[in-house]
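Below is one structure; the comments refer to it alone.
Residue numbers (our numbering): 38 to 268.
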C-alpha cells in the first residue's frame with residue numbers, strides 16, 4: 038500500500054531524516070519506534086505531505102505521490118491522526134466528524150455506524166464541543182474523524198500519549214479490528230513499547246533520523262529493541 042524509499046528531509050540546514058525506507062501493507066500494522074526527537078513525526082509529515090522531501094520516493098498504491106499536496110493525498114486514501122490530536126475545540130463532536138467529509142463525494146457524506154461501534158462514547162456526545170471532551174475522548178474523536186474519510190492508509194502519531202489506560206485498550210482494540218478487515222494499512226508511531234509490540238506486524242526503529250533496526254513482530258521480543266527506546 039505504502040512504500041517509502043531512501044528519503045532525506047531537512048529543516049533548513051538541519052537534516053532530520055537520512056535514507057529512511059519502510060513499507061506498510063494492507064491488513065498489517067507497521068510500527069515506527071524511537072526516542073523523542075529522532076524523526077518519527079517528521080517521517081509522518083513527509084508521508085502525508087506536510088513537509089517536502091529533500092531526496093527519495095514515496096509511492097502509494099503504486100503511484101508516486103511526492104509532488105501531491107496533503108489534500109490530494111487525503112483524497113487518494115491517506116488519513117492522518119497527528120500528535121496532539123488537533124481536533125476543533127469550538128466545533129461539536131458531530132461537526133468535527135463532518136470535517137472528514139471534505140475528501141468524499143457528496144453521496145458518501147454520512148456518519149457510518151461503524152464509527153460508533155468502535156467508539157461508543159462519541160455517539161452520546163455528538164452535541165458537545167470538542168474542547169469539552171477529555172484527552173482520551175478527543176483522541177477517539179481524532180481517530181474517528183480520520184476514519185470518516187474511508188482511508189486505505191491510516192497514519193497514527195502516538196495515539197496513546199497522555200491517555201488513560203482504559204482508553205488505550207479501546208484504541209488498541211479499534212486498531213486490531215481495522216487491521217482484521219484486511220483492506221487498510223496502518224502506520225503507527227509509538228513510544229509505549231508494550232502497546233506497539235502487541236499490535237505490530239512489522240517495525241522500524243529510528244535513531245538520529247536513520248533506520249537502525251527493522252523486521253517482523255518476532256524481532257520486538259528482544260531486549261535490544263527495548264533498550265533503543267529507553268531514555
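We treat Cβ as the ideally placed atom computed from N, Cα and C, and that holds for glycine.
Bear in mind the structure is a predicted one, so any value in this text is a computation, not a measurement.
Check: CA-to-CA distance, residue 144 to residue 194, given in whole angstroms; Outcome: 30 Å
Check: CB of residue 224 within 8 Å of CB of residue 90, strictly; Outcome: no
Check: Close Cβ partners of residue 61 (< 6 Å) along its chain, the five nearest in sequence each way excluded; Outcome: 38, 39, 67, 222 and 224
Check: Whether residue 65 touches residue 239 by CB criterion (8 Å); Outcome: yes
Check: Whole-Å CB distance - residue 26 paired with residue 155, under 8 Å assumed; Outcome: This structure gives no information on residue 26, because the portion of the chain shown stretches from 38 to 268.
Check: Option nearest residue 180 by Cα separation, candidates 96, 166, 153 and 161; Outcome: 153
Check: At least three beta-carbon pairs within less than 8 Å, the segment 161-170 to the segment 201-217; Outcome: no
Check: Segments assigned beta strand (DSSP E), at least 3 residues, entirely inside the segment 174-233; Outcome: 190-194 and 222-226
Check: Presumed contact (8 Å Cβ cut-off) between residue 58 and residue 248, rounded CB distance; Outcome: 7 Å
Check: Continuous alpha helix (DSSP H) assignments of at least 4 residues falling wholly in the segment 60-97; Outcome: 77-85
Check: Nearest residue (CA-CA) to residue 49, options 41, 74, 88 and 63; Outcome: 88
Check: Contacting residues, own chain, Cβ-Cβ under 7 Å from residue 216 (five flanking each side not counted); Outcome: 64, 65, 66 and 223
Check: Through-space distance from residue 264 to residue 138, alpha-carbon basis; Outcome: 42 Å
Check: For residue 103, the nearest candidate out of 75, 43 and 183 (CA to CA); Outcome: 43
Check: Candidates 158, 182, 188 and 214: closest to residue 174 by CA position; Outcome: 158
Check: Of the listed residues 169, 113, 71 and 209, nearest to residue 242 (C-alpha basis); Outcome: 71
Check: Cutoff 7 Å; reference residue 120; Cβ partners in own chain excluding five residues on either side; Outcome: 78, 194, 195 and 198
Check: Spatial neighbours of residue 148 in its chain, beta-carbon cut-off 8 Å, leaving aside the 5 residues before and after; Outcome: 131, 134, 135 and 185
Check: Per DSSP, cross-strand counterpart(s) of residue 100; Outcome: 97
Check: Distance between residue 69 and residue 53 (C-alpha atoms, nearest Å); Outcome: 15 Å
Check: Buried or exposed (CB count within 10 angstroms, at least 16 for buried), residue 188; Outcome: buried
Check: For residue 183 and residue 116, believed in contact at Cβ under 8 Å, the rounded distance; Outcome: 4 Å
Check: For residue 240, three-class secondary structure by DSSP; Outcome: strand
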